[in-house]
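For reference, the structure discussed in these notes is given below.
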Amino acid sequence: MTHAAVAGSAYLKQDDISKFAQLRGLLASSDLEFIMEAHDGLSAKIVEETGFKGIWASGLSMSAALGVRDSNEASWTQVLEVLEFMSDATRVPILVDGDTGWGNFNNMRRAVAKLCQRGIAGICIEDKLFPKTNSFLGEGQPLADIDEFCGKIKAGKDSQTDADFCIVARIEALISGWGLDEALRRAEAYHTAGADAVLIHSKKADADEVLAFCGEWANRSPVVIVPTKYYRTPTDAFREAGVSLAIWANHNLRASIAAMRDTSARIYRDQSLAGVEPEIVSVADVFEIAGNAELAAAEQRYLPTNKLAPRAVVLAASRGAALGELTEDKPKCMIDVRGEPLLRRLTRTLNGAGVRNVTVVRGYAKGAINLPSVRCVDNDLYASTGEAASLACASADIRGDCVIAYGDILFRQYYLDQLLAAEEDLVVAVDALWENRHSDADGWVRDYVSCSRPFSGDYLDDDPVYLNRMANDVEADAVDGEWIGLARLSARGSDLVAEAIEIMKGDGTLQQASLLDLFSRLADAGHEVRVIYVPGQWMDVDDAADLNEAGKFL
Ligand code: SPV
Ligand code: MG
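Numbering (this note's numbering), first residue to last: 88 to 641.
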């Protein structure tokens with residue numbers, strides 16, 4: 088099962104086979120089957136994505152994860168809450184460790200009814216006394232009266248609301264030192280009372296007594312085992328003994344304790360995150376397992392387009408070689424301008440205009456782009472490709488209302504507000520005062536724009552202006568302005584850009600194309616690209632002189 092299928096499954100239709108029937112199938116299967124411990128929604132997802140066909144909701148693990156002891160310190164309704172998260176997050180069945188049934192036959196009736204309501208496929212109850220003690224603690228724990236326990240099994244069976252709900256009766260006779268005969272006597276009684284399977288538990292380091300039980304029991308009902316202590320026994324021995332289901336009972340909890348201790352200790356010692364970062368999963372992985380992609384898709388389906396916060400894709404793959412040693416170990420968007428990297432300032436401006444979800448396309452010295460508030464995608468071919476290829480790396484994020492920006496620009500936020508307020512699908516901000524910006528030094532590369540009409544002199548002019556062409560080589564008398572590196576796409580505009588990218592991929596022009604080529608192409612294809620004239624007041628940072636100007640600009 089993929090992450091995507093798991094994500095948000097609480098809100099999707101369940102698979103055709105109910106979780107109840109799936110657990111019954113595991114118990115009835117002629118093969119040895121396995122279920123794996125989980126103790127919360129996340130670990131349950133991990134168990135499922137690993138491929139396990141079922142989940143053991145361990146009492147020990149759920150208690151420990153809640154910070155309490157495995158002695159019924161968490162109430163049964165608190166356990167139910169945890170189970171609900173686990174069940175909502177997964178599609179495979181959960182067998183819950185129900186301890187002693189959380190009370191007498193009456194508590195068991197209510198617990199079973201509630202478990203059925205929440206889609207928990209089965210419960211395992213052990214023949215001890217409430218409040219229980221973990222089987223690996225102490226010696227000679229008192230056992231439940233057989234008749235009382237059988238009544239509890241019957242009460243549970245009579246209360247289940249799904250015919251396939253399973254009750255596993257766990258025999259603690261070996262744990263308490265009573266021996267095989269008592270274990271078999273109890274197994275027979277519990278089977279007769281209606282238990283769907285028996286769990287024979289042992290705390291010995293070898294499986295001899297468990298295998299002896301299996302031999303005598305001869306599969307009168309399915310047998311479940313928990314090989315925590317006799318973990319050295321080869322799994323084939325269980326298979327040959329006819330065991331139905333093996334429970335790997337607490338290993339995700341124990342593994343996570345080891346990992347959390349190690350990570351905490353390293354961060355504490357280093358007073359830095361740098362050492363652990365490569366060894367832990369990324370935040371993007373967390374979003375993936377949490378199912379954020381499903382939510383984003385649902386937003387597209389259910390939220391009116393105008394209610395979705397705009398996104399942004401920022402192109403930041405290039406080094407900015409003219410900045411010399413300033414960009415030796417970082418791309419130019421990470422250059423410090425008055426105490427902050429350019430990209431952080433840009434992100435703040437974007438956020439200030441209501442833009443959420445900023446995706447940055449990295450290339451040169453990508454590790455240096457480490458801002459927490461942006462998502463990164465990489466153009467690893469940045470050295471040999473152009474801006475359109477970088478944009479294509481973020482194509483998954485070009486949807487809905489979307490801003491496209493160069494990563495090295497500074498501009499007044501109200502320019503962005505104007506772009507976002509425009510009704511057209513494709514909008515670009517063009518500097519009408521371009522002639523004031525630089526002396527036209529030889530070799531200066533500028534993003535010239537030729538428009539449907541020159542700037543009228545009135546920034547509030549309602550008569551819309553459209554793009555004819557954008558290029559570095561527009562003839563002098565056709566230049567109406569300079570693109571500031573900022574564009575905004577409506578949801579349809581995003582689709583148009585995505586389509587243009589696909590066409591350029593197909594005709595082989597994508598790799599070398601600039602954004603100027605892309606927008607010119609859209610205009611050529613007959614799509615209106617609205618021009619918003621702005622009065623200077625923006626910067627791009629190409630060299631040391633620009634950097635100096637940027638300081639003043641701020
Ligand atoms: C649990 O996982 O909580 C169990 C199994 O009951 S054991 O701890 O082995 O008793
Ligand atoms: Mg337990």
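Don't be surprised by glycine CBs; every beta carbon is placed ideally from N, CA and C.
For L224 and M149, I'd like the C-alpha separation in whole angstroms. As a working mapping, residue 224 is identified with position 137 in the sequence shown. As a working mapping, residue 149 is identified with position 62 in the sequence shown. About 17 Å.
Does N337 pass the burial test, meaning 16 or more other C-beta atoms within 10 Å, or should it be called exposed? Locating residue 337 in the sequence shown gives position 250, where the first residue counts as 1. That one is buried.
Excluding the 5 residues preceding and the 5 following G407 in the sequence, name in chain order all residues of the same chain whose CB lies nearer than 6 Å to its CB. Numbered from 1 along the sequence shown, position 320 holds the residue referred to as residue 407. Only T414 and K419 meet the Cβ criterion.
With respect to the alpha helix (DSSP H) encompassing I590, which residues constitute its N-terminal and C-terminal limits? In the sequence shown, counting from the first residue as 1, residue 590 sits at position 503. That run of the alpha helix (DSSP H) goes A578 to D594.
Taking the alpha-carbon of P180 as reference, which of K239, D103 and A276 has the nearest alpha-carbon? For this step, residue 180 is matched to residue 93 along the sequence shown. P180 has its Cα closest to that of D103, out of K239, D103 and A276.
Beta-carbon within less than 7 Å of P551's beta-carbon, same chain only, minus the 5 sequence neighbours each way: which residues are those? For the purposes of this step, residue 551 is identified with residue 464 of the sequence shown, where counting begins at 1. Here the set comprises R617.
Keeping to the same chain, check which residues put their C-beta closer than 7 Å to that of E591; ignore five residues upstream and five downstream. Reading the sequence shown from its first residue, position 504 is the one you call residue 591. Reading off the sequence, residue 591 comes out as Met, not Glu. Once the five neighbours on either side are set aside, the close Cβ partners of M591 are A475, L597 and A600.
If the criterion is Cβ atoms closer than 8 Å, does the pair L286 and A250 meet it? Within the sequence shown, residue 286 is the residue found at index 199, counting from 1. Within the sequence shown, residue 250 is the residue found at index 163, counting from 1. Not in contact: L286 and A250 (Cβ atoms no closer than 8 Å).
I need the straight-line Cα distance from A97 to T137, nearest angstrom please. If you number the sequence shown from 1, residue 97 lands on position 10. If you number the sequence shown from 1, residue 137 lands on position 50. Unreliable placement is indicated for A97, whose pLDDT of 42 sits below 50; the coordinate value is still reported in the next sentence. The straight-line gap from Cα to Cα measures roughly 19 Å.
Ends of the alpha helix (DSSP H) at S351? On the sequence shown, residue 351 is found 264 positions in, with the first residue counted as 1. Where S351 is concerned, the enclosing alpha helix (DSSP H) stretches over H338 to D357.
Which whole-angstrom value describes the C-beta separation of A455 and D495, a residue pair presumed to lie in contact below a C-beta threshold of 8 Å? For the purposes of this step, residue 455 is taken as the residue at position 368 of the sequence shown. For the purposes of this step, residue 495 is taken as the residue at position 408 of the sequence shown. Wrong, their Cβ atoms sit about 14 Å apart, outside the cutoff.
Quick check on DSSP: helix, strand or coil for G95? Translated into positions along the sequence shown, residue 95 becomes position 8. Here G95 scores only 40 on pLDDT, less than 50, and its place in the model is too uncertain to base an answer on.
Between the C-alpha atoms of L182 and T446, what's the straight-line distance to the nearest angstrom? Translated into the one-based positions of the sequence shown, residue 182 becomes position 95. Translated into the one-based positions of the sequence shown, residue 446 becomes position 359. Their Cα atoms are separated by approximately 41 Å.
On the three-state DSSP scale, how would you describe F252? Reading the sequence shown from its first residue, position 165 is the one you call residue 252. In the structure shown, F252 sits in coil (DSSP, three-state: anything other than H, G, I, E or B).
Quick check on this structure: which residue in L332, A403, T279 and D549 has the alpha carbon closest to the alpha carbon of I142? Looking up residue 142 in the sequence shown gives position 55. When each option's Cα is compared against that of I142, the closest is L332.
So which of V311, S222, F217 and P365 has the shortest CA-CA distance to K239? Translated into the one-based positions of the sequence shown, residue 239 becomes position 152. Of V311, S222, F217 and P365, the residue nearest in Cα terms is F217.
Should A336 be counted as a contact of ligand 4 given a C-beta to heavy atom distance under 7 Å? Ligand 4 is not part of the structure shown, which contains ligand 1 and ligand 2 as its ligands.
Any alpha helix (DSSP H) of 4 or more consecutive residues that is wholly inside the stretch 242 to 322: 267 to 280 and 295 to 304
S145: CB within 7 Å of a non-hydrogen atom of ligand 2: As a first step, residue 145 must be located in the sequence shown, where it is residue number 58. At least one heavy atom of ligand 2 is nearer than 7 Å to the Cβ of S145, so yes.
Using DSSP bridges, identify the partner residues of L497. As a first step, residue 497 is located in the sequence shown; it is residue number 410 there, counting from the start. Paired residue(s): M626.
Express the C-alpha separation of G362 and F325 in angstroms, rounding to a whole number. Here residue 325 refers to the residue found at position 238 when the sequence shown is read from its first residue. Here residue 362 refers to the residue found at position 275 when the sequence shown is read from its first residue. For F325 and G362, the distance between alpha carbons rounds to 43 Å.
Please check the pair I254 and D283, which I expect to be a contact at CB under 8 Å, by giving their CB distance rounded to whole angstroms. Working through the sequence shown from its first residue, we reach residue 254 at position 167. Working through the sequence shown from its first residue, we reach residue 283 at position 196. Yes, I254 and D283 are in contact; Cβ-Cβ is about 6 Å, under 8 Å.
Regarding D357 and ligand 2, is the C-beta to nearest heavy atom distance less than 7 Å? Taking the sequence shown and counting its residues from 1, one reaches residue 357 at position 270. The answer is no for D357.
Taking the beta carbon of V448 as the centre, do at least 16 other beta carbons fall within 10 Å, making it buried, or is it exposed? Position 361 of the sequence shown, counted from the start, is the residue given in the question as residue 448. V448 is buried by the Cβ-count criterion.
Residue interval of the beta strand (DSSP E) (run including L603): As a first step, residue 603 must be located in the sequence shown, where it is residue number 516. From DSSP, L603 is part of no beta strand (DSSP E) but of the alpha helix (DSSP H) over L602 to D611.
Please state whether DSSP places F121 in a helix, a strand or coil. Translated into positions along the sequence shown, residue 121 becomes position 34. DSSP places F121 in strand when its eight states are reduced to three.
D465 Cβ short of 7 Å to ligand 2 heavy atom set: The residue given as residue 465 occupies position 378 in the sequence shown. Every heavy atom of ligand 2 is 7 Å or more from the Cβ of D465, so no.
contact_flag[the stretch 360 to 380, the stretch 464 to 473] where n(CB pairs < 8 Å) is 3 or more: no
For A333, the first and last residue of its enclosing beta strand (DSSP E): Here residue 333 refers to the residue found at position 246 when the sequence shown is read from its first residue. Taken as a continuous stretch (DSSP letters only), the beta strand (DSSP E) holding A333 covers L332 to W335.
Locate the alpha helix (DSSP H) running through L224, then write down its first and last residues. Your numbering for residue 224 matches position 137 in the sequence shown. Note, L224: premise wrong, no alpha helix (DSSP H); not H, not E.
Distance, Cα to Cα, H90 vs L230? On the sequence shown, position 3 is the one that residue 90 refers to. On the sequence shown, position 143 is the one that residue 230 refers to. With a pLDDT of 37 at H90, under the threshold of 50, the modelled position of that residue is not reliable, and the figure given next carries that caveat. Near 43 Å, if we compare the C-alpha coordinates of L230 and H90.
Classify L573: buried if its beta carbon has 16 or more other beta carbons within 10 angstroms, exposed otherwise. Against the sequence shown, residue 573 aligns to sequence position 486. Answer is buried; the Cβ neighbour count reaches 16.
Closer than 7 Å by C-beta to N221: which residues in its own chain qualify, once you throw out the five before and the five after it? Chain order, please. What you label residue 221 is simply residue 134 of the sequence shown in a count that begins at 1. Correct list, in chain order: L147 and D157.
If I measure Cβ to Cβ from R579 and keep anything under 8 Å in the same chain, skipping five residues before and after, which residues do I get? For the purposes of this step, residue 579 is taken as the residue at position 492 of the sequence shown. Here the set comprises D512.
Check: D658 C-beta below 7 Å from any heavy atom of ligand 1: Lying before the first or after the last residue shown, residue 658 is absent from the chain, which here runs from 88 to 641.
L390 to A383, Cα distance in whole Å? Working through the sequence shown from its first residue, we reach residue 390 at position 303. Working through the sequence shown from its first residue, we reach residue 383 at position 296. So the alpha carbons of these two residues sit roughly 10 Å apart.
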